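Per this note's numbering, the very first residue in the sequence shown carries number -3; after that it's consecutive. Beta carbons: idealized from backbone N, C-alpha and C, even for Gly. Predicted, not measured: the structure shown is a model, and the values here were computed from it.
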Amino acid sequence: MKTILRILLSAIAVVVLSKVLPGIGVDSYTTAIIVAVVLSLLNFFIKPLLVILTLPVTIVTLGLFLLVVNACIIKLAGYFVSGFTVDSWLWAIVFSLLLSLLQSILFSILKSDKEK
């Protein structure tokens, strides 16, 4: 149940960011749910491999290269999901930063509601 709620909150964040950012497009709410599922799968399977492969560059750039890794994950999701578009690498980086921020806020609200 917790996983489904987290995916739905991520889908809400994707929809909100697609409305705010002009370089990101989501066709429907169903597409946003699919994007949330694909992003969680890519973050689980592909991101650890990318982080290990780019570890020397990440160390040299003091971790800033992880922004590029996150943008790669976003662009991959745009490639796999037909109704989700990302115009450029810059929009992918901005989207990943804001998505992380928004998910942190939403997940903390979820956690605080569970404690009550």
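Sorting A88, S36, K107 by C-alpha distance to the C-alpha of G21 places A88 at the top. Put simply, of I70, T50, K71, I69 the residue whose alpha carbon is nearest the alpha carbon of F61 is T50. Of all alpha-carbon atoms in T27, S78, L86, the one lying nearest the alpha-carbon of V10 is that of T27.
By the C-beta density criterion, V77 is buried, having at least 16 other C-beta atoms within 10 angstroms.
Counting the other CB atoms within 10 Å of its CB gives F40 a total below 16, which places it among the exposed residues. Secondary structure note for T81: its beta strand (DSSP E) is the uninterrupted segment 80 to 82.
For the 8 Å CB-CB criterion, L17 and F91 form a contact. Inclusion of V47 and V65 in the CB contact set at 8 Å is warranted, their separation being smaller than that value. Beta-bridge partners of I29 (DSSP): none assigned.
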